[in-house]
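Student: The C-terminal residue of the sequence shown carries number 588 in the UniProt record's numbering, and the numbering is unbroken.
Note that beta-carbon positions come from the ideal geometry of N, C-alpha and C, so glycine has one too.
Here's a structure for you.
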Amino acid sequence: MAANWLPDELISRILVPLLHVPDDILSTLISIAGVSPFLTFSLAEPSSTYLTVSKSWLRVGTPLLYNVVVIRSKAQAQALAATLTANSDLGRLIKKLRVEGGYDLFMHTIIERAPNVADLFISLQLDQADYASGLCLGLPLLNPVRVTVDAFSEVYANGVKFLEVLQACILGQWTRLTRLEMPLDFAQQNLQEAISKAALLETLVVWSWTDWLHTLAQYIRAVSGNPSLKKIQVMRGSQEPWHPSLRQDMYEVFKSNSRMLSMLFLGRERILIETPEIPFVYPLRLAADTLQEDAIWDRILAFVLRSDVPEIEEAGAGLLGHGNGAQTSRLSPLLVCKLFARLGRKHLYAITVLKNENNAQSLESELERHPELGLHVQILCMNFYSDSSILWNLVVHMPALTELHGRYASWKVFRNFSVVAGRRLRVLQGLEVSRITGTANPDTLTLFPQIVRLHWNSKTKFNSAPELLHWTTFNNLVNLTVTEFHESFFTVLAHADLPSLRSVFFTSLTAYGGASFFRKHGSKLQEVQLSQQQITAPKLAIWRNCPSVTTLNILFDEYHPVTDRCLVASEILLRLECIQFKVLGHFA
1 MAANWLPDEL
11 ISRILVPLLH
21 VPDDILSTLI
31 SIAGVSPFLT
41 FSLAEPSSTY
51 LTVSKSWLRV
61 GTPLLYNVVV
71 IRSKAQAQAL
81 AATLTANSDL
91 GRLIKKLRVE
101 GGYDLFMHTI
111 IERAPNVADL
121 FISLQLDQAD
131 YASGLCLGLP
141 LLNPVRVTVD
151 AFSEVYANGV
161 KFLEVLQACI
171 LGQWTRLTRL
181 EMPLDFAQQN
191 LQEAISKAAL
201 LETLVVWSWT
211 DWLHTLAQYI
221 RAVSGNPSLK
231 KIQVMRGSQE
241 PWHPSLRQDM
251 YEVFKSNSRM
261 LSMLFLGRER
271 ILIETPEIPF
281 VYPLRLAADT
291 LQEDAIWDRI
301 LAFVLRSDVP
311 EIEEAGAGLL
321 GHGNGAQTSR
331 LSPLLVCKLF
341 ARLGRKHLYA
351 ITVLKNENNA
361 QSLESELERH
371 PELGLHVQIL
381 CMNFYSDSSI
391 LWNLVVHMPA
401 LTELHGRYAS
411 WKVFRNFSVV
421 AGRRLRVLQG
431 LEVSRITGTA
441 NPDTLTLFPQ
451 IVRLHWNSKT
461 KFNSAPELLH
471 WTTFNNLVNL
481 TVTEFHESFF
491 TVLAHADLPS
501 LRSVFFTSLT
511 AYGGASFFRK
521 HGSKLQEVQL
531 SQQQITAPKL
541 AIWRNCPSVT
551 TLNILFDEYH
561 PVTDRCLVAS
571 EILLRLECIQ
581 FKVLGHFA
């Protein structure tokens, strides 16, 4: 009874895999496999049993059942002929038909009532009297797209009639035929002529039990005159491999015909034998103009060395050749020649990722010996915790630094870094800054006029007097990520204009504070990431202060689960499009 309540679409999705017959099984040649793929003994119910579940299953499944019809015995042919005679609508559902015999006049009745067959497979014995009489009468009534003919034996006198009908159909009635598959034993002159004139035939597959070059070449020449043919594939009709020299011999026969070489396949491979590649000769014009030569190779090396770097946030990404496998691959182009080494070095150092302290010390020594290398470093990522003096010793050699991904720095080093590199920095990510005793002057934050993406991770307390922070601080800041913080940090930011700010991400579930910040800047935000504690905090008033938010990310973990309280909004957010729940840490 429950099956009647299923929608037709769902019933169809259930029945399709149950009633589907794969094309490779449907087109299996018995003369090659030795046995029909449908000759299997099974205790399972026949496919038609699925249609007896309910009237809905019968209605939906009938077209699927009759889509592919396989006839293996005279009794099946007789039963199907009677069924189609009683209900002609069923015959129009047949799109693929496999017939493993002639079955007398029953086949004429079946074909006559199945006008929509597009895929036709015929497997029969041509040496038995009147075995294919029904087929001979029915084939002209069809107009298939793909036809496969399989036979077990030589063509004797009483099978000639079938070949004559096949020839006439290829020449006349079968106007949609694009693929024909048949044994090479059918290589009679009249049939070859019909194939060469089939108007839309694109693919011809012939199965050969012989690898005689003369026989194959003669047949291929006879049919290749068809201008619509795009592929002639000669397949082996036995389990034995082709003669080792056959492909080379066929190439020698047809090498003067470029069209034939492009479309002739022996098995799965073309007979076309590729000519050896012409050795590369360095352009004389390029070698004569060193400026142009440098410019071209510089552009190529920039693409290779700057685009093939793993995400710099990932620990262990390429390491300037100081023992890291990822960096070794980046270093490889520089080992090609002196020209590549000279031009590529600046691109290699442009993105510098350090995995451990040894890497950092090696780089520091290298920069002391060759200060010009530091001019090329634009991105520095330190994927390890260490004494913050290492960071300072590196940064002082990198006047072009625009992006820093760090791990730890003391407040003193952070302050000095801000003075030296802050005015150029656009991204500051992951750097944990130690807390100082007492309060810090917020003027340090004014030293980053170009910052676009900032990750703040420090419990340092700031003097929040409004006159200490200029209103243009962080004018270019677009994305703010916060882990650890003192509430005074947000109080200070509330004194700035932050005209470019569009997103704020908190990465701690215990974060608290920032009411003045959200009152001042909440209307600019388009994406926020908060905990349930922050969303439901009355002082923050997220729903009221952030009316322009389109994406809301809600953090949770095993100890801070999400409840429906976080979705109880006090205001209507007309622009909200997406709510995402994000797991913090390893809890899932």
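Counting only the same chain and skipping the five closest in sequence on each side, list residues whose C-beta sits under 7 Å from that of Asn-116.
Tutor: Against the sequence shown, residue 116 aligns to sequence position 116. Same-chain partners within the cutoff: Arg-92, Ile-94, Lys-95.
Student: Helix, strand or coil for Phe-120 per DSSP?
Tutor: As a first step, residue 120 is located in the sequence shown; it is residue number 120 there, counting from the start. Going by the sequence as given, residue 120 is Leu instead of Phe. Looking at Leu-120 - three-state DSSP - the assignment turns out to be strand.
Student: Please name the residue in Ala-75, Arg-113, Lys-55 whose C-alpha comes closest to that of Leu-90.
Tutor: Here residue 90 refers to the residue found at position 90 when the sequence shown is read from its first residue. Per the Cα distances, Arg-113.
Student: Compare the beta carbon distance of Arg-407 and Arg-426 with 9 Å and say whether it is the shorter of the two.
Tutor: Along the sequence shown, one-based indexing puts residue 407 at 407. Along the sequence shown, one-based indexing puts residue 426 at 426. In this structure, Arg-426 does not lie closer than 9 Å to Arg-407 by Cβ.
Student: For Gly-101 versus Pro-140, is the C-beta spacing smaller than 9 Å?
Tutor: Here residue 101 corresponds to residue number 101 of the sequence shown, with the count starting at 1. Here residue 140 corresponds to residue number 140 of the sequence shown, with the count starting at 1. For Gly-101 and Pro-140, no; Cβs fall outside 9 Å.
Student: Could you tell me the alpha carbon to alpha carbon distance between Ser-418 and Pro-283, rounded to whole angstroms?
Tutor: Numbered from 1 along the sequence shown, position 418 holds the residue referred to as residue 418. Numbered from 1 along the sequence shown, position 283 holds the residue referred to as residue 283. Each residue's alpha carbon lies about 49 Å from the other.
Student: How is Cys-337 classed by DSSP in three states: helix, strand or coil?
Tutor: Within the sequence shown, numbered from 1, the residue matching residue 337 stands at position 337. Reduced to three states, the DSSP call for Cys-337 is coil.
Student: Please list the segments of the beta strand (DSSP E) lying wholly inside the stretch 41-90, counting only runs of 3 or more residues, in order along the chain.
Tutor: As far as the stretch 41-90 is concerned, its whole beta strand (DSSP E) runs of at least 3 residues are 68-71.
Student: Hey, would you say Thr-444 sits closer than 9 Å to Arg-415, going by beta carbons?
Tutor: Numbered from 1 along the sequence shown, position 444 holds the residue referred to as residue 444. Numbered from 1 along the sequence shown, position 415 holds the residue referred to as residue 415. In this structure, Arg-415 lies closer than 9 Å to Thr-444 by Cβ.
Student: Give me the DSSP bridge partner(s) of Val-206.
Tutor: Against the sequence shown, residue 206 aligns to sequence position 206. DSSP, once it has assigned bridges, lists Met-182, Val-234 as partnering Val-206.
Student: With a 10 Å radius around its C-beta and 16 neighbouring C-beta atoms as the bar for buried, classify Phe-254 as buried or exposed.
Tutor: For the purposes of this step, residue 254 is taken as the residue at position 254 of the sequence shown. Buried: at least 16 other Cβ atoms inside 10 Å.
Student: Can you find the residues in the same chain that come closer than 6 Å, C-beta to C-beta, to Phe-517, ignoring five residues on each side of it along the sequence?
Tutor: To locate residue 517, count along the sequence shown from 1; it is residue 517. Excluding sequence neighbours, Phe-517 sits near Phe-490, Leu-493, Ala-494.
Student: What residues match up with Ile-579 in a beta bridge as DSSP calls it?
Tutor: The residue labelled residue 579 in the question sits at position 579 within the sequence shown. Ile-579 is bridged to Leu-552.
Student: Taking all protein chains shown into account, do 16 or more other C-beta atoms lie within 10 angstroms of the C-beta of Leu-428, making it buried, or fewer, making it exposed?
Tutor: Taking the first residue of the sequence shown as position 1, residue 428 is located at position 428. Classification for Leu-428: buried.
Student: Once you ignore the five residues that flank Cys-566 on each side, which residues in its own chain have a CB closer than 8 Å to its CB?
Tutor: Along the sequence shown, read from residue 1 onward, the residue named residue 566 stands at position 566. If we look at Cys-566 and ignore the five residues flanking it on each side, its Cβ neighbours are Gln-532, Ile-535, Thr-536, Ile-554.
Student: Starting from Lys-461, follow its DSSP beta bridges and name the residues at the other end.
Tutor: Against the sequence shown, residue 461 aligns to sequence position 461. Lys-461 is bridged to Thr-439.
Student: Assuming Ser-503 contacts Trp-543 under a Cβ cut-off of 8 Å, what Cβ separation, rounded to an integer in Å, is found between them?
Tutor: Taking the first residue of the sequence shown as 1, we reach residue 503 at position 503. Taking the first residue of the sequence shown as 1, we reach residue 543 at position 543. About 17 Å; that fails the 8 Å criterion.
Student: Run the CB neighbour count on Leu-29, radius 10 Å, all protein chains shown included, and call it buried at 16 or more, exposed below.
Tutor: Stepping through the sequence shown from its first residue, residue 29 is reached at position 29. Flag for Leu-29 reads buried.
Student: Cutting at 7 Å between CB atoms, please list the residues of its own chain near Cys-169, excluding the five before and the five after it.
Tutor: Here the question's residue 169 lines up with position 169 in the sequence shown. Leu-139, Pro-140, listed in sequence order.
Student: Rounded to the nearest angstrom, what separates Glu-293 and Ser-365 at their Cα positions?
Tutor: By 1-based counting over the sequence shown, the position of residue 293 is 293. By 1-based counting over the sequence shown, the position of residue 365 is 365. C-alpha separation (whole angstroms): 32 Å.
Student: Please confirm whether Val-492 has its beta-carbon closer than 9 Å to some beta-carbon of chain B.
Tutor: Absent from the structure: chain B. Only one protein chain is present.
Student: Where Ala-217 and Ala-302 are concerned, what is the direct C-alpha to C-alpha distance, given to the nearest angstrom?
Tutor: Within the sequence shown, residue 217 is the residue found at index 217, counting from 1. Within the sequence shown, residue 302 is the residue found at index 302, counting from 1. Taking the straight line joining both Cα atoms gives about 53 Å.
Student: Alpha carbon to alpha carbon, what distance is there between Arg-330 and Gly-316?
Tutor: As a first step, residue 316 must be located in the sequence shown, where it is residue number 316. As a first step, residue 330 must be located in the sequence shown, where it is residue number 330. Interpretation of Gly-316 is limited by its pLDDT of 33, a score under 50 that renders its predicted location unreliable; no figure is taken from the coordinates.
Student: Is the beta carbon of Phe-176 less than 9 Å from the beta carbon of Val-145?
Tutor: Looking up residue 176 in the sequence shown gives position 176. Looking up residue 145 in the sequence shown gives position 145. Here residue 176 turns out to be Arg, not Phe, going by the sequence shown. Cβ atoms of Arg-176 and Val-145: closer than 9 Å.
Student: Which value, in whole angstroms, describes the spacing of the CA atoms of Ala-326 and Lys-355?
Tutor: On the sequence shown, residue 326 is found 326 positions in, with the first residue counted as 1. On the sequence shown, residue 355 is found 355 positions in, with the first residue counted as 1. Residue confidence is low: Ala-326 scores 46 on pLDDT, short of 50, so the model does not pin down where it sits. Its coordinate-derived value is still stated next. Approximately 11 Å between the Cα atoms of the pair.
Student: Alpha carbon to alpha carbon, how far is Leu-266 from Val-234? Give it in angstroms, no decimals.
Tutor: By one-based count along the sequence shown, residue 234 stands at place 234. By one-based count along the sequence shown, residue 266 stands at place 266. Spanning the two alpha carbons is a distance of roughly 5 Å.
Student: By DSSP's criteria, Phe-265 is part of a beta bridge. Which residues make up the other side?
Tutor: Taking the sequence shown and counting its residues from 1, the one referred to as residue 265 is at position 265. According to DSSP, Phe-265 bridges with Gln-233, Arg-270.
Student: Taking the CB atoms as reference points, tell me whether Ser-27 and Glu-181 lie closer together than 9 Å.
Tutor: Locating residue 27 in the sequence shown gives position 27, where the first residue counts as 1. Locating residue 181 in the sequence shown gives position 181, where the first residue counts as 1. In contact: Ser-27 and Glu-181 (Cβ atoms closer than 9 Å).
Student: Give me the Cβ distance between Phe-506 and Leu-530, rounded to the nearest whole Å; I'm assuming they're in contact under 8 Å.
Tutor: Position 506 of the sequence shown, counting from 1, holds the residue named residue 506. Position 530 of the sequence shown, counting from 1, holds the residue named residue 530. Right, their Cβ atoms sit about 6 Å apart.
Student: Considering only C-alpha positions, which residue in the set Thr-550, Lys-412, Ser-388, Val-377 is nearest to Leu-401?
Tutor: The count along the sequence shown starts at 1 and reaches residue 401 at position 401. It is Val-377 whose Cα lies nearest to the Cα of Leu-401.
Student: Hey, how far is the Cα of Thr-109 from the Cα of Glu-9?
Tutor: Within the sequence shown, numbered from 1, the residue matching residue 109 stands at position 109. Within the sequence shown, numbered from 1, the residue matching residue 9 stands at position 9. If you take the alpha carbons of Thr-109 and Glu-9, they lie about 33 Å apart.
Student: Answer yes or no: do Pro-547 and Leu-573 have a C-beta to C-beta separation smaller than 9 Å?
Tutor: By one-based count along the sequence shown, residue 547 stands at place 547. By one-based count along the sequence shown, residue 573 stands at place 573. Taking 9 Å as the Cβ cut-off, Pro-547 and Leu-573 qualify as a contacting pair.
Student: By Cβ distance, which residues of its chain are closer than 6 Å to Gln-78, with the 5 residues on each side in sequence left out?
Tutor: Here residue 78 refers to the residue found at position 78 of the sequence shown. Around Gln-78: Phe-106.
Student: Per DSSP, Asp-557 forms a beta bridge with which residues?
Tutor: By one-based count along the sequence shown, residue 557 stands at place 557. Paired residues: His-560.
Student: CA-CA distance, Lys-524 and Asn-545?
Tutor: For the purposes of this step, residue 524 is taken as residue 524 along the sequence shown, with counting starting at 1. For the purposes of this step, residue 545 is taken as residue 545 along the sequence shown, with counting starting at 1. Spanning the two alpha carbons is a distance of roughly 9 Å.
Student: Three-state secondary structure (DSSP) at Val-395?
Tutor: The residue you call residue 395 lines up with position 395 of the sequence shown. In this structure, Val-395 counts as helix in the three-state DSSP scheme.
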